[in-house]
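Below: the structure, in structure tokens.
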Amino acid sequence: MRILLKLSRPLVLVALLLNASAFVPLPALAQTPQAAAPTAPKPGTPVPTGSPLQAGPVHAQFAIYYAPRPKADPMATLRSRLAKLGDAPRLLASMPKPSEVSVPVLFANWNTTTVQQTYRAPEMEMLQRFGHGITREQAEALQGSSQALIVDFAHPSKLALPAMRKALELTLQVARDTNGFVWDEETRELFTPDEWQKQRVDSWAGGIPDIASQIVIHAYQADNKLARAITLGMGKFGLPDVVVSQFSWSMNRPMGTLVNGFAQAMVEGAQIARPGQFDLDLRTLKQGGLRDPKDKEAKGTTPARLSLVAGTWESGDPRNRLYEIGFDRYPGPDRSAQQVALLKSTFGAADDSVSRIKHNEEILAASKLARAQLSALRDAFAKGLAPGEYILVKAPFITRSGGNEWMWVEVTGWKGDAIDGMLKNEPVEVAGLHAGQMVKVSQAKVFDYVRRYADGREEGNETGKVIERGGAGKR
């Protein structure tokens, strides 16, 4: 029997460049809990026209931890640096009410008594994920840190960019002078002074930050086995944080570029021309990381037609407005297919190799080897995969001529023999089906699998290995 087979490589839809704000896979419960959702428009409401910049003053909090003690008096150092800094924020004895913030101001709290109780440095596990330049010895010393300079900055939103740049520079200078480690309360990251300078200070050009160096994107698996991603840190610039939900883990990289691109457009002053809609053209961005990526396949070729609605706030989200990206301006029978249509239209499709082969003994033996692992894979899926990990299965779809076209499906549900998932390939000979659609397949008919771990390792694809070395019979 003649069979049309789809090769498994490449497994992602597009290749792209992610900067410092690459997705950080997290367990759903690992996010910092919050007391209650902030006041916001009803979720799903189209975002209004005009500037996304908030009307009221912008607030940001940084802290400098010491392990064990500063080499110079932090408050005296702060005052000295303020005196030398042009257009410096005004140091206040207490934080003013929002209505009183007409110029850039700051309030500093030199805490030497309650840090361990009320403002502890991050634990070791968190520092492994969100510590930048921190050695193990430094991380261990920080566990006993009992002194911290906590600095709150506030300024009118119209001064969001220049005032934030001053705040970042001032924090760097004080941290260097006193030998401390800088904590960003918005993004929940800790930096050595060198890393703070590299990521937060030196990444500006022409008065505009490379937003990927200023924020972080947390991604985690929701109850429906699909991923949700959200930025942290946009509030420092008076802008809403960005949400994308219900996407498969294999899309994490292109979704990261999409989120970064929209965030960059907002920080560069983008306006929402139509309620709930924004056309994102990466080629028009002023900062070069996304406009002209090193990986040319990551470059946007056409504008992405985004739908924008007020996001649904969840525990652990930043206390900020949320803009959620939607995909309903693209064709497709379901959300997944619309997501794929946007990504393919914007970034182009990866090479989707097709082989027309006959099943011979070698490829059938490879399939048997792969199929022997399916029960264990089903059990692993039921127990829960690690964030960023996913499974693909190769399954048959009936062609116009009555044959089979074998294509990859990313598993989103697996109970008994029934597998639900997202079609990863664009069919050649199957009518009415497109890449990205949600489909159902039978475990009994699965021909092969790929398990991709969060660190990039892969196992399976036994039949693909045979095809690549020419061991399968050609049609």
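In our numbering, the protein residues as written are 14 to 488. Virtual Cβ for every residue (Gly too), placed ideally from N, Cα, C.
{"Query": "With 16 other Cβ atoms within 10 Å as the buried cut-off, status of L382", "Result": "exposed"}
{"Query": "Completely contained alpha helix (DSSP H) runs for the region 348–402, where each covers 4 or more residues", "Result": "348–360, 374–384 and 387–396"}
{"Query": "N122, enclosing beta strand (DSSP E) - first and last residue", "Result": "V118 to N124"}
{"Query": "Length of the line joining the Cα atoms of P70 and P331", "Result": "17 Å"}
{"Query": "Segment contact, 8 Å Cβ cut-off, at least three pairs: the region 74–89 with the region 338–351", "Result": "no"}
{"Query": "Where the alpha helix (DSSP H) through V187 begins and ends", "Result": "A173 to T191"}
{"Query": "DSSP three-state assignment for F204, whether helix, strand or coil", "Result": "strand"}
{"Query": "Classification of A379 by the beta-carbon crowding that lies within 10 angstroms, buried from 16 upward", "Result": "buried"}
{"Query": "At least 3 beta-carbon pairs within less than 8 Å: the region 193–205 vs the region 107–115", "Result": "no"}
{"Query": "Minimum Cβ-Cβ distance from D294 to chain D less than 8 Å", "Result": "Of the protein chains in this structure there is only one, and it is not chain D."}
{"Query": "A106, buried or exposed, once every other Cβ within 10 Å from all chains shown has been counted against 16", "Result": "exposed"}
{"Query": "Helix, strand or coil at W421 according to DSSP, with G and I counted as helix", "Result": "strand"}
{"Query": "Span separating the alpha-carbon of A50 from that of S328", "Result": "In this predicted model, A50 has a pLDDT of only 47, less than 50, meaning its place in the structure is not dependable enough to derive any value."}
{"Query": "E471, enclosing alpha helix (DSSP H) - first and last residue", "Result": "Element bounds for E471: not the alpha helix (DSSP H) but the beta strand (DSSP E), E471 to G473."}
{"Query": "Exposed unless 16 or more other CB atoms sit within 10 angstroms - verdict on G57", "Result": "exposed"}
{"Query": "Beta-carbon proximity check, E423 vs L405, cutoff 8 Å", "Result": "yes"}
{"Query": "The region 124–138 in contact with the region 60–70 per 3-pair CB rule at 8 Å", "Result": "no"}
{"Query": "The alpha helix (DSSP H) enclosing K453, as first and last residue numbers", "Result": "That residue, K453, is in no alpha helix (DSSP H); its beta strand (DSSP E) goes M451 to S455."}
{"Query": "Member of L181, P175, A278 and T191 whose CA lies at the smallest distance from the CA of Q160", "Result": "T191"}
{"Query": "Buried versus exposed, by CB contacts within 10 Å (16 or more), G289", "Result": "buried"}
{"Query": "Nearest-angstrom beta carbon gap, G193 and I77 [assumed within contact, 8 Å]", "Result": "4 Å"}
{"Query": "Beta bridge counterpart(s) of V280 as assigned by DSSP", "Result": "V280 is not bridged to any residue."}
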